[in-house]
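Working notes, structure below.
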Amino acid sequence: MKVYTKTGDKGTTSLFGGQRVPKHHIRIEAYGTVDELNSYIGLIRDQDIDENSIKTLIEVQDRLFTAGSILATEPGNTKVKVPQLIPSDITFLEEEIDAMNEHLPEMRSFVLPGGHTAVSYCHITRCVCRRAERLISHLAELETIDALVLQYLNRLSDYLFVLGRKIVVDKDVDEVEWKARM
Numbered sequence: 042m043k044v045y046t047k048t049g050d051k052g053t054t055s056l057f058g059g060q061r062v063p064k065h066h067i068r069i070e071a072y073g074t075v076d077e078l079n080s081y082i083g084l085i086r087d088q089d090i091d092e093n094s095i096k097t098l099i100e101v102q103d104r105l106f107t108a109g110s111i112l113a114t115e116p117g118n119t120k121v122k123v124p125q126l127i128p129s130d131i132t133f134l135e136e137e138i139d140a141m142n143e144h145l146p147e148m149r150s151f152v153l154p155g156g157h158t159a160v161s162y163c164h165i166t167r168c169v170c171r172r173a174e175r176l177i178s179h180l181a182e183l184e185t186i187d188a189l190v191l192q193y194l195n196r197l198s199d200y201l202f203v204l205g206r207k208i209v210v211d212k213d214v215d216e217v218e219w220k221a222r223m
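Right, dumping it as structure tokens:
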């Protein structure tokens, strides 16, 4: 299989199903940002973090490929078989969030990103996740999309925030609270 096809040399690409669209199409922006998010998840996974978090992140990466496949499929195309997100994918993230939160100090204010490289990667990844969510929300105003994709990304950004807080505790570094100057 060749990596290059030359079919995109004039600034268009194909959705699953064959429809050609400009590479700057909102749908391409949306699944391209999900792909970027997946790469950042890999960066977190490559850090010195606990084994359960690594397993969870691998699961997340798999689900992000699923979300990307859904987004890369032209609306209404039933001829292409695409994996689907299911409600238990979202429940899985919620359960992971709840399990981590049980061992974290109560939040009393916003926290400043940082304290350890792995924590910073969680915050950067959370921001990319939110950007993907905004793009998909915009796409949903223009075309039909699977609502579970938006729900999954919304929950994933929460997971990434809590994972960052968990790593703060695991690495025994300071979590700096934001103190608004009034």
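If you count the sequence shown from 1, position 175 lands on 216 in the numbering used here, and the numbers rise without skipping. We put the beta carbon where it would ideally sit given N, CA and C, even for glycine. All figures in this text were calculated on a predicted structure; none of them were measured in a lab.
Spatial neighbours of V123 in its chain, beta-carbon cut-off 7 Å, leaving aside the 5 residues before and after: On the sequence shown, residue 123 is found 82 positions in, with the first residue counted as 1. Same-chain partners within the cutoff: F57, S110, I111 and T114.
Candidates N118, L183 and T119, of which the one nearest I67 by Cα: Start at 1 with the first residue of the sequence shown, and residue 67 comes out as number 26. Closest by alpha carbon: L183.
Distance CB(Q60)-CB(A159) smaller than 7 Å: Sequence index remark: in the sequence shown, residue 60 carries index 19 (1-based). Sequence index remark: in the sequence shown, residue 159 carries index 118 (1-based). Q60 is not a Cβ neighbour of A159, given a cutoff of 7 Å.
Nearest to P128 (by Cα), restricted to the options Y193, R167 and R175: The count along the sequence shown starts at 1 and reaches residue 128 at position 87. Looking at Y193, R167 and R175, the one whose alpha-carbon comes closest to that of P128 is Y193.
Per-residue burial, S80 [other beta carbons within 10 Å of its own, 16 or more giving buried]: In the sequence shown, the residue the question calls residue 80 occupies position 39. In the assembly as shown, S80 is an exposed residue. Its beta-carbon has fewer than 16 other beta-carbons within 10 Å.
P63 (DSSP reduced to helix, strand or coil): By one-based count along the sequence shown, residue 63 stands at place 22. In the structure shown, P63 sits in a strand (DSSP, three-state: E or B).
Three CB pairs or more closer than 8 Å across the stretch 133-141 and the stretch 167-182: Taking 8 Å as the limit for Cβ pairs, the verdict is that the stretch 167-182 does not touch the stretch 133-141.
Coarse secondary structure for E100, derived from DSSP in three states: For the purposes of this step, residue 100 is taken as the residue at position 59 of the sequence shown. Per DSSP, reduced to three states, the secondary structure at E100 is helical.
Residue environment, Y200, which counts as buried when at least 16 other CB atoms sit within 10 Å: On the sequence shown, residue 200 is found 159 positions in, with the first residue counted as 1. Y200 comes out buried.
CA nearest to the CA of P154, picked from K212, I186 and F202: Here residue 154 refers to the residue found at position 113 of the sequence shown. Nearest C-alpha to P154 among K212, I186 and F202: F202.
Under 7 Å between C-beta atoms of L126 and T97: If you number the sequence shown from 1, residue 126 lands on position 85. If you number the sequence shown from 1, residue 97 lands on position 56. Cβ atoms of L126 and T97: not closer than 7 Å.
Beta-carbon contacts of V101 that lie in its chain and below 7 Å, excluding the five residues immediately before and after: On the sequence shown, residue 101 is found 60 positions in, with the first residue counted as 1. Cβ neighbours of V101 beyond the five flanking positions: I82 and L197.
Between the CA atoms of V152 and E218 - distance to the nearest angstrom: The residue labelled residue 218 in the question sits at position 177 within the sequence shown. The residue labelled residue 152 in the question sits at position 111 within the sequence shown. If you take the alpha carbons of E218 and V152, they lie about 4 Å apart.
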